[in-house]
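Residue numbers (UniProt numbering), protein chains in the order written: chain H, 1 to 168; chain Z, 1 to 168. Ideal Cβ positions, reconstructed from N, Cα and C, are used throughout, including at glycine.
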DNA sequence: TAGAATACGTCAGCTTTGTTGACATTCCAA
DNA sequence: TTGGAATGTCAACAAAGCTGACGTATTCTA
């Protein structure tokens with residue numbers, strides 16, 4: 001066992017060895033692969049990639065979102081996003097409507113087919129997360145979220161909080 | 001606040017709402033971007049990418065490892081790894097020696113230049129992780145690691161454990 | 001109301017990093 | 001000793017990111 005959780009005061013937690021930090025980075029690396037593995041399988045069956053998954057996920061979470069907003073969340077260029085979005089619209093998974101208030105904007109929605117795929121993807125991903133959560137217990141889950149949130153960039157945390165608030 | 005950490009018995013943790021799980025996946029997504037952001041900056045200055053970082057990281061952790069072993073850890077094809085390795089050897093960051101016992105194998109080592117870059121990269125990455133760890137506290141860190149480990153594929157956990165044991 | 005700014009889409013071309021296929025070398029076992 | 005398995009290299013291609021330039025429609029502002 002490592003000497004990380006000794007102090008319950010939270011005061012003397014300053015000895016973070018290189019070893020502990022290295023293990024943390026490797027845990028992130030290996031866990032992220034597991035995190036994406038199950039949806040990746042479903043996606044590749046249908047000729048989609050992780051980029052499509054991300055678009056579908058956030059359109060599902062914020063129906064009617066604009067292209068510009070999605071760009072901020074995903075942190076890619078519009079050319080890159082456009083390529084993905086175009087195939088999703090062509091394949092009938094995403095709907096693209098002209099803005100009501102500002103006609104320059106395009107609002108994005110999942111069609112029924114899109115929603116079905118979203119559910120398949122998130123079910124697969126959540127099964128693994130659910131299993132991990134159960135194995136680790138509620139206290140561990142709280143810590144997991146705390147560390148992840150502390151690891152985000154400022155800008156990313158804004159997007160994260162905005163999405164979080166929406167549901168509460 | 002969510003209703004996740006209510007029970008201290010760890011018994012009745014069965015109500016994992018879709019909402020909680022969704023937030024977990026988004027936390028992973030946004031945190032992973034932060035996790036890679038700092039090294040990415042250093043790498044792009046020198047014309048390298050994340051693939052180079054991964055190779056350097058694991059060669060540093062297991063000096064003398066073979067190409068085949070590295071393939072198992074990274075989970076890519078040998079052709080893909082080879083391209084990265086070749087540029088690192090050409091640039092004098094990695095040393096490639098013919099196996100002594102089995103001449104088909106190549107043993108990989110970091111040169112002094114390679115070690116210097118490794119240090120710069122891991123310093124940058126660890127600064128952020130250290131800050132996150134401190135902000136979240138030791139109990140949260142323990143939970144963080146627990147959940148990540150539970151999220152890995154079997155095969156990945158084997159690699160992870162092998163690397164972990166090496167240092168203990 | 002004219003011109004600047006914004007939102008979106010697209011064309012062209014490049015880079016990184018993954019893929020499959022073909023092939024040389026080396027080792028081992030029948 | 002020879003044929004198959006293992007290790008690693010070269011070639012060509014695909015996905016998905018990037019920059020830069022440009023067009024169009026719309027909105028904002030001086």
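- Annotation: the continuous beta strand (DSSP E) that includes residue 108 of chain H extends over 106-110.
- In summary, no residue of the segment 39-57 of chain Z has a CB separated from any CB of chain H by less than 7 Å.
- Proximity of the segment 111-125 of chain Z to the segment 112-123 of chain H falls short of the contact definition, fewer than three beta-carbon pairs being nearer than 8 Å.
- In this structure, residue 132 of chain H and residue 151 of chain Z form a Cβ contact; the two beta carbons are roughly 4 Å apart against a cut-off of 8 Å.
- In the structure shown, residue 100 of chain H falls within a coil segment according to DSSP collapsed to helix, strand and coil.
- Beta-bridge partners of residue 65 of chain Z (DSSP): Z/108.
- In the DSSP assignment, the residues bridged to residue 94 of chain H are H/110.
- Nearest Cα to residue 56 of chain Z within the set Z/79, Z/91, Z/26, Z/141: Z/91.
- In this structure the segment 40-50 of chain Z does not lie against the segment 84-102 of chain H, because fewer than three pairs of beta carbons, one per stretch, are closer than 8 Å.
- In summary, residue 30 of chain Z is buried, with 16 or more beta-carbon neighbours lying within 10 Å of its beta-carbon over all protein chains present.
- Around residue 148 of chain H, the beta-carbon contacts reaching into chain Z at under 7 Å are 27, 28, 31.
- At a C-beta separation below 9 Å, residue 161 of chain Z has no neighbours in chain H, since its nearest C-beta there lies roughly 10 Å away.
- Around residue 135 of chain H, the beta-carbon contacts reaching into chain Z at under 7 Å are 150.
- Chain H places no beta carbon closer than 8 Å to that of residue 165 of chain Z, leaving this residue out of the contacts.
- The three-state reading of DSSP puts residue 17 of chain H in coil, since its state is none of H, G, I, E or B.
- 122, 125, 126, 128, 129, 130, 131, 132, 133, 134, 135: these are the residues of the segment 115-135 of chain H whose beta carbon lies less than 9 Å from some beta carbon of chain Z, given in chain order.
- Out of H/84, H/93, H/96, H/36, the CA that lies nearest to the CA of residue 126 of chain H is found in H/36.
- Contact annotation for residue 70 of chain Z against chain H: no contact, minimum CB-CB distance about 13 Å [criterion: below 8 Å].
- In this structure, DSSP gives residue 147 of chain Z a helical state, which the three-state scheme calls helix.
- Between residue 59 of chain Z and residue 110 of chain Z, the C-beta spacing is below 8 Å.
- Taking CB atoms only, residue 24 of chain H has a neighbour in chain Z less than 8 Å away.
- In its chain, beyond the 5 residues on either side, no residue has a beta carbon closer than 6 Å to the beta carbon of residue 33 of chain Z.
- Sorting H/160, H/108, H/100 by C-alpha distance to the C-alpha of residue 93 of chain H places H/108 at the top.
- Within chain H, the residues whose beta carbon sits less than 7 Å from that of residue 34 of chain Z are 151, 152, 153, 156, listed in sequence order.
- Non-local C-beta neighbours of residue 65 of chain Z in its own chain, meaning closer than 8 Å and more than five positions away in sequence, comprise 58, 59, 107, 108, ordered along the chain.
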